[in-house]
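Here's the structure, in structure tokens; my notes come after.
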Amino acid sequence: MKAAETSAAHVEDENVASVLNLAKRSVQTDWRSIYVTSLLAFCVAAQFSLYFSSLWPFLQLLDSTISENFFGYVVGAYSFGQIIASPLVGFLSNKLGQIRLPLYANLTCMFIGNAIYFNLENFSFGRRYWLVLCRLITGFGSSSISLLKAYTTTASVTKDRSRALAFVTGGVALGMTMGPTFQLLFIPLDYPGFHFLGIFKVNMYTAPAYMACCMNLFCALITKKFFVENYAGIVTSEDGEKVRLPPFDKKAIVVCHMTRFAQILVNSNMETLGSPLVMAMFAWSRHEAVEYIAAAQVVMSFLAFLTYLAFIVFKPERFMSFRLGCLLSLVGLIIFHLLTISWPFLPGQIQTFHQSNLTETEQIGCNSARFTWCDTLKPVNVAVFFGSYILIVGTAFPNVNICLNTLFSKIIGPRRQGTQQGWLQVSGALARMFGPVVASNVYSTYGPQYAWGVVIAVIGLVLSLWIVFFERMVPLQIPKEEHKELNRPPSDEITKSLTSSST
Numbered sequence: 001m002k003a004a005e006t007s008a009a010h011v012e013d014e015n016v017a018s019v020l021n022l023a024k025r026s027v028q029t030d031w032r033s034i035y036v037t038s039l040l041a042f043c044v045a046a047q048f049s050l051y052f053s054s055l056w057p058f059l060q061l062l063d064s065t066i067s068e069n070f071f072g073y074v075v076g077a078y079s080f081g082q083i084i085a086s087p088l089v090g091f092l093s094n095k096l097g098q099i100r101l102p103l104y105a106n107l108t109c110m111f112i113g114n115a116i117y118f119n120l121e122n123f124s125f126g127r128r129y130w131l132v133l134c135r136l137i138t139g140f141g142s143s144s145i146s147l148l149k150a151y152t153t154t155a156s157v158t159k160d161r162s163r164a165l166a167f168v169t170g171g172v173a174l175g176m177t178m179g180p181t182f183q184l185l186f187i188p189l190d191y192p193g194f195h196f197l198g199i200f201k202v203n204m205y206t207a208p209a210y211m212a213c214c215m216n217l218f219c220a221l222i223t224k225k226f227f228v229e230n231y232a233g234i235v236t237s238e239d240g241e242k243v244r245l246p247p248f249d250k251k252a253i254v255v256c257h258m259t260r261f262a263q264i265l266v267n268s269n270m271e272t273l274g275s276p277l278v279m280a281m282f283a284w285s286r287h288e289a290v291e292y293i294a295a296a297q298v299v300m301s302f303l304a305f306l307t308y309l310a311f312i313v314f315k316p317e318r319f320m321s322f323r324l325g326c327l328l329s330l331v332g333l334i335i336f337h338l339l340t341i342s343w344p345f346l347p348g349q350i351q352t353f354h355q356s357n358l359t360e361t362e363q364i365g366c367n368s369a370r371f372t373w374c375d376t377l378k379p380v381n382v383a384v385f386f387g388s389y390i391l392i393v394g395t396a397f398p399n400v401n402i403c404l405n406t407l408f409s410k411i412i413g414p415r416r417q418g419t420q421q422g423w424l425q426v427s428g429a430l431a432r433m434f435g436p437v438v439a440s441n442v443y444s445t446y447g448p449q450y451a452w453g454v455v456i457a458v459i460g461l462v463l464s465l466w467i468v469f470f471e472r473m474v475p476l477q478i479p480k481e482e483h484k485e486l487n488r489p490p491s492d493e494i495t496k497s498l499t500s501s502s503t
């Protein structure tokens with residue numbers, strides 16, 4: 001009777017989980033699949049930030065009448081696609097019982113989106129709208145990030161969870177920071193570059209899209225040859241015991257969602273305003289803006305790499321608090337914005353020019369014909385701006401990635417997390433969608449000071465929530481009697497089932 005009940009056990013809802021103490025069983029974390037997942041996450045994330053420094057200058061070349069407001073919609077289109085696709089992809093993967101086929105679909109979307117991007121100059125009309133379309137399609141494909149994170153939480157046993165997440169979240173964050181770094185490789189191509197086979201235009205702006213397409217082909221090959229799905233942390237109805245878990249703390253989950261929103265808002269704000277701001281404030285040309293921002297990203301990538309390496313090798317979770325790591329990182333992000341905001345008491349004036357009709361000749365500085373705030377904007381010291389961006393954001397961002405993802409997983413507890421991971425991805429996508437639109441409109445109308453002020457207000461709100469709910473930001477507390485069930489050795493029938501399934 002008991003064996004029959006065991007074979008028929010299933011997860012009834014999110015408050016009922018089938019869990020094994022996998023540390024005592026033959027099933028262990030399949031690190032090979034975690035390594036492959038991390039590589040895939042890196043390649044997907046890199047394609048989001050690959051155009052970080054070159055998108056705005058390229059858009060100006062495609063359409064000289066383009067405004068910062070429309071640029072916000074271009075950046076936001078990527079996240080809109082991600083918001084639409086993430087729940088659908090999650091639902092499809094649950095129905096299929098695998099992530100391989102949805103992953104192929106995502107890679108195909110990203111390939112198509114990037115292919116449209118490097119062909120934009122060949123379109124004789126509506127280039128700005130083709131750009132929105134290609135970023136939307138690429139956003140559809142980027143929903144694979146939530147699939148990869150959900151797989152990691154269910155493919156790793158409890159004792160390996162934080163280390164496995166460090167690999168994958170590290171891959172995501174390194175991809176986001178390394179994306180602009182790759183741009184440095186293509187700067188020597190300059191513009192207009194050269195023609196390949198008479199139809200493909202290769203230059204410093206389109207080369208990243210060619211690289212992204214190669215990445216997608218590489219990911220498809222890696223997935224086919226080396227990726228084997230192994231859900232070591234999930235117990236099926238054939239080998240599980242029904243264990244009733246308490247519900248997770250929904251308020252703590254909301255704080256996590258708000259934190260992800262604030263974190264991505266900082267990134268999207270810099271992605272949208274970074275190039276226009278440094279070109280206006282420091283009187284840099286398009287070429288200089290691309291080069292210096294990409295160079296800053298090189299150093300940030302190195303800092304992020306050191307951070308993730310520390311989590312993987314030294315396992316600092318043994319003596320540090322993930323919630324404290326999140327809290328301190330948020331404080332750091334506020335400090336960065338306070339240091340780089342254009343305070344009215346700063347000395348000096350920025351370089352301005354007055355040009356109501358844009359021509360092919362590039363003017364440098366702030367265009368007072370378009371922005372009424374040019375004459376009142378005070379320049380921030382360039383060393384302070386980039387120094388704080390590299391050191392503070394470069395360390396706070398990867399810390400939030402690891403600490404938040406690990407804490408989020410533990411707050412939910414040892415249950416299926418695909419749905420919750422998908423919604424966490426949506427929280428970040430909402431920031432990427434609305435952040436650029438709000439930032440670009442505030443920047444154009446009121447100036448960068450107010451755009452910075454909006455971000456400071458959001459981070460301050462999230463920081464206040466952390467202070468209020470700090471004691472609730474802890475892993476799921478499982479009753480002692482359920483701990484006994486979780487730690488109970490498996491029956492002979494279950495062991496035989498596990499052994500036969502692995503051979």
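Residue numbers (this note's numbering): 1 to 503.
All C-beta atoms, glycine included, are put in the ideal place defined by N, C-alpha and C.
Since the structure is predicted, the reported quantities are computational estimates derived from the model, not experimental observations.
Judging by CA-CA distance, which residue of the options is the nearest neighbour of residue i?
| i | options | result |
| --- | --- | --- |
| M279 | L92, N367, V455 | N367 |
| F470 | L327, S54, T29, F314 | L327 |
| L424 | Y129, F302, P87 | P87 |
| V508 | Y205, P475, A85, L463 | Residue 508 lies beyond the range of the chain shown here (1 to 503); nothing can be said about it. |
| A220 | G332, M300, A105 | A105 |
| F123 | V74, L92, L62 | L62 |
| K410 | L339, I364, P247 | P247 |
| K225 | R100, V455, I478, G81 | R100 |
| G72 | L92, Y191, F434, F385 | F434 |
| V384 | V331, W56, T177, I335 | I335 |
| A150 | D190, N230, P192, L189 | N230 |
| G139 | F186, L131, S79 | S79 |
| H287 | L189, M300, H337, F196 | L189 |
| Y35 | G325, A164, I467 | A164 |
| V382 | T372, L107, L346 | L346 |
| R370 | N441, T108, D249, V468 | N441 |
| R472 | D249, Y51, F302, N119 | D249 |
| Q94 | G422, V299, S49 | According to the sequence shown, residue 94 is Asn rather than Gln. Nearest C-alpha to N94: G422. |
One question on the structure: do residue i and residue j come within less than 8 Å of each other, judged by their Cβ atoms?
| i | j | result |
| --- | --- | --- |
| A155 | Y308 | no |
| G428 | R260 | yes |
| Q263 | I341 | no |
| T152 | V168 | yes |
| Q133 | I116 | Residue identity check: residue 133 is Leu in the sequence provided, not Gln. Result yes, Cβ atoms of L133 and I116 sit closer than 8 Å. |
| V75 | E291 | no |
| R128 | A77 | no |
| M178 | L465 | no |
| V458 | L265 | yes |
| P379 | G348 | yes |
| N269 | S329 | no |
| Y205 | S54 | yes |
| C43 | M215 | yes |
| L273 | Y443 | yes |
| Q355 | A283 | no |
| A296 | I390 | yes |
| I402 | F311 | yes |
| I137 | I112 | yes |
| F194 | P208 | no |
| L147 | L103 | yes |
| G171 | A304 | no |
| I467 | L245 | no |
I'd like the span of the alpha helix (DSSP H) that includes residue i, first residue to last.
| i | result |
| --- | --- |
| H337 | 322-340 |
| F314 | Here F314 belongs to no alpha helix (DSSP H), and DSSP marks it neither H nor E. |
| K225 | 207-226 |
| S33 | 31-49 |
| L131 | 127-141 |
| V462 | 448-468 |
| V384 | 382-388 |
Quick check on the DSSP output: the beta strand (DSSP E) that includes residue i runs from which residue to which?
| i | result |
| --- | --- |
| K251 | No beta strand (DSSP E) contains K251, which is instead part of the alpha helix (DSSP H) from 250-281. |
According to DSSP, residue i sits in a beta bridge with which residue or residues?
| i | result |
| --- | --- |
| V202 | F194 |
| N441 | According to DSSP, N441 bridges with nothing at all. |
| N399 | Beta-bridge pairing links N399 to no other residue. |
| T352 | C366 |
I'd like to know if residue i contacts chain B, where contact means its C-beta is closer than 8 Å to some C-beta of that chain.
| i | result |
| --- | --- |
| V442 | This model lacks chain B altogether; it includes just one protein chain. |
What alpha helix (DSSP H) runs, 4 residues minimum, are completely inside the region 143-188?
-> The region 143-188 contains these whole alpha helix (DSSP H) runs: 144-155, 161-186.
Uninterrupted alpha helix (DSSP H) stretches inside the region 55-111 (no shorter than 4 residues) = For the region 55-111, whole alpha helix (DSSP H) runs of length 4 or above, ordered along the chain, are 55-62, 68-96.
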